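Quick mapping for you: the protein sequence lines, in order, are chains S and E.
Residues in the first sequence are numbered consecutively from 66, following this note's numbering.
Residues in the second sequence are numbered consecutively from 3, following this note's numbering.
In this text, a Cβ means the ideal position worked out from N, Cα and C, and glycines have one as well.
Values in this document were obtained by computation on a predicted structure and should not be read as measured data.
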Amino acid sequence: MNKKASLIIKTLVFLAILFTCFFGVTLLVERKSSFNKNQVFFEEAKKDHIDAFLLGSSHVINGVNPLQLFEEHGYTAYNLGGYGSVLLSSYWQMMLALDYCTPDLVVVDSYMLENDVRYIDDPNANVSSDELHLNIDRFPLSKTKYHAINDMFQNRDEKYPYFADFIVYHDRWKELGAEDFKRFTKDADVNRMMGAVMEYGTHSAEYSYVDYGAGFLEQETVGTTYLRRIIEECQSRNIQVVVVTLPFLAMYENQAAAHTATQIAAEYGVPSLNMLEIPGLIDINTDMEDPGHLNVLGCQKITACLGNFIAENCPLTDHREDSGYDNWNGYLGDFNAELAAKCEGNDDLYTQLMMLQLNSSDRTYSVSIRGASSVYADATLLRQLHSLGATEKLDQAAAAKCSYMLISDHGVITDFAGDSDQEFYIDTADGLFSYSPASDIYRVLYINGDTENNFLYSDDHAYADVQLLFFSNGVCTNHQYYTSDHFTYDYDQR
Amino acid sequence: MQFVSLSFLLFLIITISVYFIIPKKIRYIWLLIASWVFYYKLSHKLLILLIAITVITYIAGILLDTPADSEKKKKPVLIAGIVLLLLTLGYFKYTGFLLETVKSLQSAMGLEPLEIAAKIALPIGISFYIFQAIGYLADCYMGKIEVEKNYFRLALFISFFPQVMSGPIERAGNMLPQFKKPQSFSYESMRDGLLLMMWGYFQKIIIADRLAVLVDHIYKSYENYSGTLLFLATVFYTLEIYTDFAGYSNIAIGSAKIMGIDIMQNFKQPYLSRSIPEFWRRWHISLSSWLRDYLYIPLGGNRKGYVRKLINICIVFAISGLWHGAAWTFVFWGLLHGLYQVIGILTKSLRESLIEKLSIDPQGFAIKLINTVVTFMLVNIGWIFFRAPSFKAAGYILKNMWKLKPWVLLDGTLFNLGLAEADIRLLVVALLVLTFVDILNYKGISIRKVLTEQTLWIRWIVYVAAFLFIVTCGVWGPGYDAASFIYSSF
Numbered sequence: 066m067n068k069k070a071s072l073i074i075k076t077l078v079f080l081a082i083l084f085t086c087f088f089g090v091t092l093l094v095e096r097k098s099s100f101n102k103n104q105v106f107f108e109e110a111k112k113d114h115i116d117a118f119l120l121g122s123s124h125v126i127n128g129v130n131p132l133q134l135f136e137e138h139g140y141t142a143y144n145l146g147g148y149g150s151v152l153l154s155s156y157w158q159m160m161l162a163l164d165y166c167t168p169d170l171v172v173v174d175s176y177m178l179e180n181d182v183r184y185i186d187d188p189n190a191n192v193s194s195d196e197l198h199l200n201i202d203r204f205p206l207s208k209t210k211y212h213a214i215n216d217m218f219q220n221r222d223e224k225y226p227y228f229a230d231f232i233v234y235h236d237r238w239k240e241l242g243a244e245d246f247k248r249f250t251k252d253a254d255v256n257r258m259m260g261a262v263m264e265y266g267t268h269s270a271e272y273s274y275v276d277y278g279a280g281f282l283e284q285e286t287v288g289t290t291y292l293r294r295i296i297e298e299c300q301s302r303n304i305q306v307v308v309v310t311l312p313f314l315a316m317y318e319n320q321a322a323a324h325t326a327t328q329i330a331a332e333y334g335v336p337s338l339n340m341l342e343i344p345g346l347i348d349i350n351t352d353m354e355d356p357g358h359l360n361v362l363g364c365q366k367i368t369a370c371l372g373n374f375i376a377e378n379c380p381l382t383d384h385r386e387d388s389g390y391d392n393w394n395g396y397l398g399d400f401n402a403e404l405a406a407k408c409e410g411n412d413d414l415y416t417q418l419m420m421l422q423l424n425s426s427d428r429t430y431s432v433s434i435r436g437a438s439s440v441y442a443d444a445t446l447l448r449q450l451h452s453l454g455a456t457e458k459l460d461q462a463a464a465a466k467c468s469y470m471l472i473s474d475h476g477v478i479t480d481f482a483g484d485s486d487q488e489f490y491i492d493t494a495d496g497l498f499s500y501s502p503a504s505d506i507y508r509v510l511y512i513n514g515d516t517e518n519n520f521l522y523s524d525d526h527a528y529a530d531v532q533l534l535f536f537s538n539g540v541c542t543n544h545q546y547y548t549s550d551h552f553t554y555d556y557d558q559r
Numbered sequence: 003m004q005f006v007s008l009s010f011l012l013f014l015i016i017t018i019s020v021y022f023i024i025p026k027k028i029r030y031i032w033l034l035i036a037s038w039v040f041y042y043k044l045s046h047k048l049l050i051l052l053i054a055i056t057v058i059t060y061i062a063g064i065l066l067d068t069p070a071d072s073e074k075k076k077k078p079v080l081i082a083g084i085v086l087l088l089l090t091l092g093y094f095k096y097t098g099f100l101l102e103t104v105k106s107l108q109s110a111m112g113l114e115p116l117e118i119a120a121k122i123a124l125p126i127g128i129s130f131y132i133f134q135a136i137g138y139l140a141d142c143y144m145g146k147i148e149v150e151k152n153y154f155r156l157a158l159f160i161s162f163f164p165q166v167m168s169g170p171i172e173r174a175g176n177m178l179p180q181f182k183k184p185q186s187f188s189y190e191s192m193r194d195g196l197l198l199m200m201w202g203y204f205q206k207i208i209i210a211d212r213l214a215v216l217v218d219h220i221y222k223s224y225e226n227y228s229g230t231l232l233f234l235a236t237v238f239y240t241l242e243i244y245t246d247f248a249g250y251s252n253i254a255i256g257s258a259k260i261m262g263i264d265i266m267q268n269f270k271q272p273y274l275s276r277s278i279p280e281f282w283r284r285w286h287i288s289l290s291s292w293l294r295d296y297l298y299i300p301l302g303g304n305r306k307g308y309v310r311k312l313i314n315i316c317i318v319f320a321i322s323g324l325w326h327g328a329a330w331t332f333v334f335w336g337l338l339h340g341l342y343q344v345i346g347i348l349t350k351s352l353r354e355s356l357i358e359k360l361s362i363d364p365q366g367f368a369i370k371l372i373n374t375v376v377t378f379m380l381v382n383i384g385w386i387f388f389r390a391p392s393f394k395a396a397g398y399i400l401k402n403m404w405k406l407k408p409w410v411l412l413d414g415t416l417f418n419l420g421l422a423e424a425d426i427r428l429l430v431v432a433l434l435v436l437t438f439v440d441i442l443n444y445k446g447i448s449i450r451k452v453l454t455e456q457t458l459w460i461r462w463i464v465y466v467a468a469f470l471f472i473v474t475c476g477v478w479g480p481g482y483d484a485a486s487f488i489y490s491s492f
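Structure (structure tokens):
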């Protein structure tokens, strides 16, 4: 071999090594959020295990749980919602995903249909273009991605970080952790909720939903244009479409956008579901993390509603009994186990009560509030207790600032208000409870006549405002104390 | 199109690939096209000015191409050519400065200041390419080189893209022959060029752009600082301007080297100098030697007596200061260096006798170290005037930086100057590497040469690791306010 050929071969080998190492470094330093959110999509798409795409913004990420759809109907949907996504980015998210699989159904949320900003990097856009990294970083550079970036961005310099995210992520060298290195192993952290993210908080404000009697959007917007493009693209590929508007604290323009979405869907003959106008579907004060995003409780209700709507209007294949869907069953099991685990031991009182609303029909617990407690002024707490089943006795206790006790026996609620020496007996599946609210501080709860153990009083926690007790087979399995300091609750557990 | 950009790297790859594919005899045309495209991307319509300068220089050169004995005909042409070039430089660079100076004088004299404001954009690299053109005319006049008859080749000499922005200020005698007889592709040249570029990027985006954050942070509100932190800021700037400009020069020289074109060295470990004259033999060598050849010597150099020599030195350094920037702080910086030299000359015999009387070995390590430190400090003081926005700021810094507060090095203060903790630690390591490499180079040991003598796998590991380190830890991309090269504004 002559010198020239040897040099060429050596150069090529060197370049191959260099680019391999460089590629490794790009994977190492990349922000893992997009990998985390979309990795399972690629795995399932490869197996052709995705029958529906869920498109939209963070409303969809938090509002529709694909695992619940699978559990209740056997539908396999992937949540492709993106934080800050407008219809323009949802369209391209769908196009990117379509390169990897063709679903039977696309569900698209109409939120921000009124948005009329052509480019995501427009300074007037009410979205952060940075958030788009979550949607598209994981998708390898392709012709579709090239068109997507060119269509979404007007500034050339803004496009580069999406073509090659190393441009923005190389500076992460200083924050690398174990998770970054796991990118090269099979135990990397991935979203096991099929793209969804559950929120476990609840807002503290008191909202009421107002129907503004809005009509329709007055003109075509960038949002309507891309909603039409989504529908047209799906119809050209024989994919069914459902246009939805998930519930949130919608203002006049949002309500007009929802009506317009319904109108556009009707134009194309596709089903639509405006959940803003389904009365009593959610309680905006307990089912939302904030005025825009559903919490896990709201998500459960919305997903159930959407699942039923799909079943009625465009049913998909039930895969629950199909072999090969191990991931779906495994992830569902993990999610249910997580929910069960979250039902007890939450240091946040609001989350704790929300989790009891979500999943308490299989247990016995009690909630006790001491007399003269300041928490009776906590409207959020009272609202949550009412949602759990507290009766007007709670309001009486709040008005009189006396002791209050709620006992839930597998969903059957009994409650007491007042301070007296009187003893109350409640026969539950987990034992016979004897309750006596002797005073503000000193209350008595015995089980099965065991007067040696008063579960409601201990010197250490005498001034705890709220006590939460879980029982099983006559034994208190968990005792949680919440002490309020201006509605910020200190937590202790025994 | 800054050197620190993906577009430049792409431009370089395309330019070099085409350069080696096309026939040798038209390569200079291709390089000229590439150079003008490069300059257009930098300065848009100011490319016309660059082309105009090449035309003026070409015509003046042709007019100088008369028999050697017709001195009387050549001199007016030379003077006219140089005056025209300097007027162009003066108009674009110094109009605003002159107006401001006149206004200040009018104010000081109680007169109503002029109501004229100069809004003239400074063309990138104008100081560099005009000096290069003047050098060419002077060399033609002195008969050092033959007049270039091919306009495009001369235009390439003035516009050559690696240098047009910030030098090195090359000589026609070195460059024109290389354009006439281009080299064939050489693996060694490519490797050396790439390694030099990599070292340049290390200096620029690993060190200089991090130092820039610290320096800007302190200089922006210098009144809020005192003592060691101010002192550190001055040292940081001293290091920043070196790594920034040397980094630029290495990228420029390396880019040309890949094409087999040798550009003169611009820096030789200047901060290891033991005297101010040595510093100027090692700092911005292309400018220092230009000033020596085309200003100091024509002024008479040291041939016209002791006093005239000292005056000439001061003139040269004042002009050097003015060349760097249109502000009195730059002039003062130049004069200060002239003054350093004059004092050095005046006290030379005194210093030598003192060393002799104290029986100090002038070649001993201690005296070498003291000389190096003193020289560094003198240069450091000079840079304060170079960097400070005004004499007032420079005065404040100079007055308040001496109070010893060493605890700022240890109490986390450094981590609150705009750079993350990890960046500071990386910077310290990078500065140690820079010092190590400079010391080895000073001793005549070239790391590049040592590296190329290693076995293949060691070389490759070092190349790959260095590349990955620079692209990963370098200050570049969105989110950064990567400083453009300091000297590109001169």
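When Cβ-Cβ separations below 8 angstroms define contact, S:Leu-80 makes no contact with chain E.
Burial check for E:Ser-186: the Cβ neighbour count within 10 Å stays below 16, so the residue is exposed. Listed by position along chain S, the residues whose Cβ is nearer than 7 angstroms to that of E:Trp-462 are Phe-79, Ile-82.
Identification of residues in the stretch 206-228 of chain S having a C-beta nearer than 9 angstroms to some C-beta of chain E yields Asp-222, Glu-223, Tyr-225, Pro-226, given in sequence order. If you ignore the 5 residues before and after E:Leu-453, its C-beta comes within less than 7 angstroms of the C-beta of Arg-461, Val-464, all in its own chain and listed in chain order. Put simply, the backbone Cα of E:Phe-471 is about 13 angstroms away from that of E:Val-431. At a cut-off of 8 angstroms between C-beta atoms, E:Gly-112 does not count as an interface residue with respect to chain S. Beta-carbon to beta-carbon, S:Leu-152 and S:Leu-371 are separated by about 19 angstroms, too far to satisfy the 8 angstroms threshold. For the pair S:Ala-369 and S:Ala-261, the Cα-to-Cα distance works out to about 15 angstroms. The stretch 530-549 of chain S makes contact with the stretch 412-424 of chain S; the number of CB pairs closer than 8 angstroms reaches 3 or more.
By the 16-neighbour rule on beta-carbons within 10 angstroms, S:Ser-426 is exposed. Under the Cβ distance rule, E:Val-6 does not count among the residues neighbouring chain S, no pair being separated by less than 8 angstroms. For S:Ile-73, the enclosing alpha helix (DSSP H) has its first and last residue at 68-94. Under the DSSP assignment, S:Tyr-556 falls in the beta strand (DSSP E) whose first and last residues are 553-558. Annotated as distal: E:Leu-458 and E:Ile-449, with beta-carbon spacing of 8 angstroms or more. If you draw a straight line from the Cα of S:Tyr-211 to the Cα of S:Tyr-176, it comes to about 26 angstroms. Between the alpha carbons of S:His-198 and S:Ser-99 lies a distance of about 7 angstroms. If you check the CB distance, S:Val-125 and S:Asn-101 do not come in under 8 angstroms.
When DSSP states are grouped into helix, strand and coil, E:Val-477 belongs to the coil group. Proximity of chain S to E:Cys-316 at the Cβ level (cut-off 7 angstroms) is not reached, the minimal Cβ distance being about 47 angstroms. E:Leu-470 reaches chain S at Cys-86, Phe-87, Val-90, counting residues in chain order whose Cβ is nearer than 7 angstroms. CA-to-CA, the gap between E:Cys-475 and S:Met-217 works out to about 29 angstroms.
For a Cβ distance threshold of 7 angstroms, nothing in chain S lies close to E:Asp-194: the least Cβ distance comes to about 15 angstroms. When the beta-carbon positions are compared, E:Tyr-138 and E:Ala-174 come within less than 8 angstroms of each other. In this structure, S:Asn-339 sits near S:Ala-323, with a CB-CB distance shorter than 8 angstroms. In this model, S:Phe-88 and S:Lys-69 are separated by some 28 angstroms (Cα to Cα). Residue ranges of uninterrupted alpha helix (DSSP H) with 4 or more members, entirely inside the stretch 152-219 of chain S and ordered along the chain, are 152-163, 197-201, 208-217. Rounded to whole angstroms, E:Glu-455 and E:Tyr-444 show a C-alpha spacing of 20 angstroms.
Going by C-alpha positions, E:Trp-335 is about 15 angstroms away from E:Thr-377. In this structure S:Gly-410 is in contact with S:Asn-543, their Cβ atoms being roughly 7 angstroms apart against a cut-off of 8 angstroms. Looking from the CA of S:Pro-226, the closest CA among S:Asp-186, S:Met-259, S:Leu-510 belongs to S:Asp-186. If you check each beta-carbon in the stretch 138-164 of chain E against every beta-carbon of chain S, none falls closer than 7 angstroms.
In terms of beta-carbon proximity, E:Tyr-189 lines the interface with chain S, with at least one pair separated by less than 8 angstroms. At a cut-off of 8 angstroms, the C-beta of S:Leu-197 has no neighbouring C-beta in chain E. Close to E:Val-466, with beta-carbon spacing below 9 angstroms, are these residues of chain S in chain order: Phe-79, Ile-82, Leu-83, Cys-86, Phe-87.
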